[in-house]
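Data block below; observations after.
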Amino acid sequence: MANTKQQAEEKIQAMPEQKKEEILDSFGRFQDYLADKIKKGEKVGFSEEQIAKGAERVAEYLKNHEEPKNTEEKLLQEMWKVADDEEKHQIAHVLVKLAKKEGN
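Numbered according to my numbering, the sequence shown spans residues -11 to 92.
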């Protein structure tokens, strides 16, 4: 698990700063980015649970390394900070559902 978490963090850190800024600039772009990653994950056979775990890793990275760029991201960050592990897992599932809905 720690290895997977470390790999996810390294992948995000390797992303060019300009690309991160484009993704995080608006909540709609962030949702589009998540929807694209979800579709790719589903194509290779990831379950919704695996995708939600990935969403948790991304959210944890964002909480620790990025400043929110809009009110939606700020709300998510604040919710993430106060949530326990089970609540974070549920938030990740909701984010996956939301991104899938918006991505269709």
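A virtual CB, placed ideally from N, CA and C, is assigned to each residue, including glycine.
Keep in mind the model is a prediction, meaning the values are calculated, not measured.
Same chain, Cβ closer than 6 Å to residue i, neighbours up to 5 away in sequence not counted
i	result
Trp68	Ala47 and Lys51
Inter-residue spacing [alpha-carbon to alpha-carbon] between residue i and residue j
i	j	result
Lys85	Gly33	17 Å
Asp13	Pro56	9 Å
Ile26	Lys88	7 Å
Asp73	Gln6	31 Å
Ile11	Arg45	16 Å
Lys(-1)	Lys76	21 Å
Local conformation of residue i per DSSP, three classes
i	result
Asp13	coil
Contact under 8 Å by Cβ, residue i with residue j
i	j	result
Glu60	Phe15	yes
Leu22	Leu63	no
Gln19	Gly29	no
Checklist entry - What are the uninterrupted segments assigned as alpha helix (DSSP H) that are 4 or more residues long and contained completely in the region 3 to 89, given in chain order? => result With a minimum length of 4 residues, the unbroken runs of alpha helix (DSSP H) contained wholly in the region 3 to 89 fall at 5 to 12, 15 to 31, 36 to 53 and 59 to 70.
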